Each structure stands twice: as structure tokens, then as C-alpha cells.
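In mature numbering (1 follows the signal peptide of the UniProt record, and there is no 0), the protein residues as written are -21 to -1, 1 to 353. The beta-carbon is built from N, C-alpha and C at its ideal position, and this holds for glycine as well. Here the structure is a predicted model, which is why all the values come from computation and not from measurement.
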Amino acid sequence: MFLFSLAAVALHGFYFSAADASIPNVKSNNMSAENNSRCSVVDKTFTSVFLPSVYVIVFFIGVISNCWGLRSLLAKWTTIGCINVFVLNLGIADLLYVITLPFLVCYYAMDEKWIFGHAFCKITRFCFNLNLYGSIGFLTCISVYRYLGIVHPMKVMGRIRVCHSVIISVITWVLVVAQIVPDLYFNKSNQNSTACYDTTSNDEIYEYLPYSIGWTITGFCVPLLVILGCYGHVAFVLTNRKKPSVNSLMKQRCLKLIVILTVLFVVCFIPYHVLRNLNLKTRVLQIEGKCSDAFNHIYVSYQVSRGLACLNSALNPLVYLVTNDKVIIKMRVLSKTARRSLGHLSAGKYTAVDVQVRYHPRRDDSLLKTDSGS
């Protein structure tokens, strides 16, 4: 009986201690919600003005340049080179994204009201990621091929064929899609909402942040290290005077390609990946009730990085200009023709000025004679 009473007292004390312990948790949750409600609302006015403007510019430039590049490649399909296979896939990835830009222009111009359905929202975001990481993947393939052709020319001579490039392209597409597919399972809008998020809603932000970080490592950091390693060795070989066997034309083309890829990664890819994860982290902190004035600046910077990432669809055709021999020859012919025509025009202008100066006094004398005669 004593043991039963002792047990009852112990259970009674445990019940009230647990109840008392749960009170701080309830208070902390209420404080968190209160702090979250006190956080200043992020101003999205900049997004509705900046992104549509960038998308319109990229749409026109991307459609014209990529269609022209693909048309030139397909016209010479029988003589297409190994690297041009990657350039062809690069152009296809650009066009798949560029054709979705008019819908995004409407979305942001209408104050982020998506009217094309949830399924097409996910397709649009999927095309952006497919273009972004497909571009990174095929630029990495081009870098590896350039590395092998310059650093190890004798080892790969006659061994790399077009069929190998096709197989590598298929593997690249599979790896890119495998990284993007999980993004389709995250919500792109809230219930009864007309939004179309580029990442996900706040309900799944805790699961999306680790996925985004892993995605950044596998889809961006690893290819970046490969490109830096390849072109670092290529630059060393090209600038080494002890190895003059590299053709001067090939040297110029490779150095230009290194500059283009450096600009693409520094301007388009690095800011986007850093600020995307940073913006996701600020959203998590806001949910936890932690506020800061820097969150709005991070959000605006992230929107700018999204516009810069979109620019890669318009800048990728520069890779085609550098890697295609016939295009380079045509550009040189056109530049020489333009210089000659400008030279003739300038010579014609100087001749016209001389004639005008030579005959002006006579015309003035004739005018004076007519005035005196009247």
C-alpha cells in the first residue's frame, strides 16, 4: 500500500513537472511566431522590374544567336567535329530554356501571378535548371577535350571520334537530369496560391536547403574544379616557351576560350549558386524568428544573380564562334572587308572635302558678281 501511494505521488509529480516543462516550449514557439511576424516583408518590386527586362533581352539574343549557331552546325553535319557535338547540345539546352522566357516575363510583370498551371510551372523551372547545369556539363566536356588535345596530343590522336562525343553527351544529359528530378517533387507554390517559386515554398524549405547545397557541390563545384585543373594546365603549356610546338592560331583560340569560360563562371554561375543558398538560409532564419536588415539586400542580390545566370543562354554562342574554324575564317574575311570599305569611305570623305574647299571661292565670286550686276 505504501509502495502504491509512493508510486502515485511520483506519477503526480512527474505529470506536473512535464506540464511545467512544456510551458517554456509553448512560450518559445509563440515568441518565434511573434518574431517571425515582426520581420520586415521583403520588397519584391525590384524583381518585377529587373527580371522581365533581362528575360526580354536574353530571349531575342538567345533565339537569334542559338538558331544561327544550330543552323550552321546542322548544315555541316557530315563534317561535324568532336567538340561541335558538345556545342550542339549546348545550343539545344539554351533553346529549351529560352522558349520559356515569355511565360516568365508575364509572370513577373503581373506581380508574380502564375496563370499557366502548376504543371507548366514545374516544367518552366525544370528547363532553367536543365539549361544551367547542362551548360556547365558541356562546357566541362569542351574543357577536357581541349586539355587532351593540347597537353596530350599524341596520346589521343586518332582515338577520340564523334561517336565517343555522342556517348559522353548522353551520359552528361543523364547526370544532369538525375540531379534536377528531385526538384520536381518540391512544391513550387502554396495552396490556393498563384505563385511559381524558383525553389520551393516555406513549408518544405528545411528539406530543400540541404538538397540545394548538395546540388551545388555535384552540379557546380566539381565541374568548376575540373575546368580550373584543365585550363590551368593548358594555360601553362601555352605560355611555356620550352614547348613551341603549339600552333599560334590554336593558342589564340584556346586563350580566348579560357577567357570566355572564366567570364561565364564568374559572372553567371558563381554568384547564382552562392546567393541561392544564402537566400534559402535567410528564409530559414526568418521562419525561426531571426530577423536582419541584410535579408532584403541578400534577396535583391539573389534576383540580380538569377538575371546573370539567365545571361549564359545569350553568351554560350560565343563558344561556338571560338571552336568553329570556318566561322573564324568568315569573321576575319568580314573584318577585312569592313576595314577596306571604311578606308574607301574615309578616302571619299577627304576627297569631297578637298573639292568643296577648292570650289567654294569660285562660287562666292560668282555670287558677288550677280549681286553687283543687279
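Report back the beta-carbon spacing between residue i and residue j to the nearest angstrom; my notes put them in contact at under 8 Å.
{"i": "residue 84", "j": "residue 31", "result": "5 Å"}
{"i": "residue 176", "j": "residue 259", "result": "That belief does not hold up - the Cβ atoms of residue 176 and residue 259 are roughly 11 Å apart, past 8 Å."}
{"i": "residue 64", "j": "residue 122", "result": "Wrong, their Cβ atoms sit about 15 Å apart, outside the cutoff."}
{"i": "residue 158", "j": "residue 112", "result": "6 Å"}
{"i": "residue 292", "j": "residue 254", "result": "Not confirmed; about 19 Å, so no contact."}
How many Å lie between residue i and residue j at the Cα?
{"i": "residue 277", "j": "residue 257", "result": "7 Å"}
{"i": "residue 73", "j": "residue 43", "result": "11 Å"}
{"i": "residue 93", "j": "residue 54", "result": "39 Å"}
{"i": "residue 27", "j": "residue 191", "result": "24 Å"}
{"i": "residue 173", "j": "residue 294", "result": "32 Å"}
{"i": "residue 11", "j": "residue 18", "result": "With a pLDDT of 40 at residue 11, under the threshold of 50, the predicted position of this residue should be treated as unreliable, and no value is reported."}
{"i": "residue 236", "j": "residue 89", "result": "39 Å"}
{"i": "residue 34", "j": "residue 152", "result": "25 Å"}
{"i": "residue 145", "j": "residue 210", "result": "23 Å"}
{"i": "residue 195", "j": "residue 160", "result": "14 Å"}
{"i": "residue 107", "j": "residue 240", "result": "19 Å"}
{"i": "residue 4", "j": "residue 263", "result": "The pLDDT assigned to residue 4 is 38, lower than 50, so where the model puts this residue is not dependable; a value taken from the coordinates is nonetheless given after this. Roughly 19 Å separates the two Cα atoms."}
{"i": "residue 97", "j": "residue 38", "result": "23 Å"}
{"i": "residue 116", "j": "residue 202", "result": "7 Å"}
{"i": "residue 269", "j": "residue 40", "result": "42 Å"}
{"i": "residue 114", "j": "residue 266", "result": "34 Å"}
{"i": "residue 197", "j": "residue 243", "result": "18 Å"}
{"i": "residue 156", "j": "residue 163", "result": "11 Å"}
{"i": "residue 231", "j": "residue 104", "result": "37 Å"}
{"i": "residue 367", "j": "residue 131", "result": "Beyond the ends of the chain as shown, which are -21 and 353, falls residue 367; an answer cannot be given."}
{"i": "residue 207", "j": "residue 168", "result": "38 Å"}
{"i": "residue 247", "j": "residue 182", "result": "29 Å"}
{"i": "residue 178", "j": "residue 138", "result": "43 Å"}
{"i": "residue 275", "j": "residue 86", "result": "21 Å"}
{"i": "residue 69", "j": "residue 95", "result": "27 Å"}
{"i": "residue 171", "j": "residue 71", "result": "35 Å"}
{"i": "residue 143", "j": "residue 261", "result": "44 Å"}
{"i": "residue 271", "j": "residue 279", "result": "14 Å"}
{"i": "residue 361", "j": "residue 101", "result": "With the chain covering only -21 through 353, there is no way to say anything about residue 361."}
{"i": "residue 49", "j": "residue 316", "result": "25 Å"}
{"i": "residue 140", "j": "residue 150", "result": "16 Å"}
{"i": "residue 219", "j": "residue 29", "result": "45 Å"}
Helix, strand or coil for residue i per DSSP?
{"i": "residue 281", "result": "helix"}
{"i": "residue 265", "result": "helix"}
{"i": "residue 173", "result": "coil"}
{"i": "residue 79", "result": "coil"}
{"i": "residue 14", "result": "Because residue 14 carries a pLDDT of 46, less than 50, the predicted location of this residue cannot be relied on, and no value is offered for it."}
{"i": "residue 183", "result": "helix"}
{"i": "residue 143", "result": "helix"}
{"i": "residue 133", "result": "helix"}
{"i": "residue 150", "result": "helix"}
{"i": "residue 29", "result": "helix"}
{"i": "residue 163", "result": "helix"}
{"i": "residue 289", "result": "helix"}
{"i": "residue 7", "result": "Legend: pLDDT at residue 7 = 35, less than 50; position of this residue unreliable, value from coordinates given subsequently. Of the three classes helix, strand and coil, the one that applies to residue 7 here is helix, per DSSP."}
{"i": "residue 92", "result": "coil"}
{"i": "residue 21", "result": "coil"}
{"i": "residue 50", "result": "helix"}
{"i": "residue 1", "result": "Any reading at residue 1 is ruled out, since the residue's pLDDT is 39, under 50, leaving its predicted position unreliable."}
{"i": "residue 114", "result": "helix"}
{"i": "residue 270", "result": "coil"}
{"i": "residue 218", "result": "coil"}
{"i": "residue 168", "result": "coil"}
{"i": "residue 295", "result": "coil"}
{"i": "residue 197", "result": "helix"}
{"i": "residue 125", "result": "helix"}
Short check: CB of residue i to CB of residue j, under 8 Å?
{"i": "residue 250", "j": "residue 287", "result": "yes"}
{"i": "residue 252", "j": "residue 199", "result": "yes"}
{"i": "residue 129", "j": "residue 21", "result": "no"}
{"i": "residue 282", "j": "residue 25", "result": "yes"}
{"i": "residue 75", "j": "residue 110", "result": "yes"}
{"i": "residue 66", "j": "residue 80", "result": "no"}
{"i": "residue 61", "j": "residue 124", "result": "yes"}
{"i": "residue 119", "j": "residue 238", "result": "no"}
{"i": "residue 91", "j": "residue 134", "result": "no"}
For residue i, verify whether its CB is less than 7 Å away from any heavy atom of the ligand ATP.
{"i": "residue 285", "result": "The ligand ATP is not part of the structure shown, which contains no ligands of any sort."}
Please report whether the beta-carbon of residue i lies at a distance below 8 Å from any beta-carbon of chain C.
{"i": "residue 156", "result": "Of the protein chains in this structure there is only one, and it is not chain C."}
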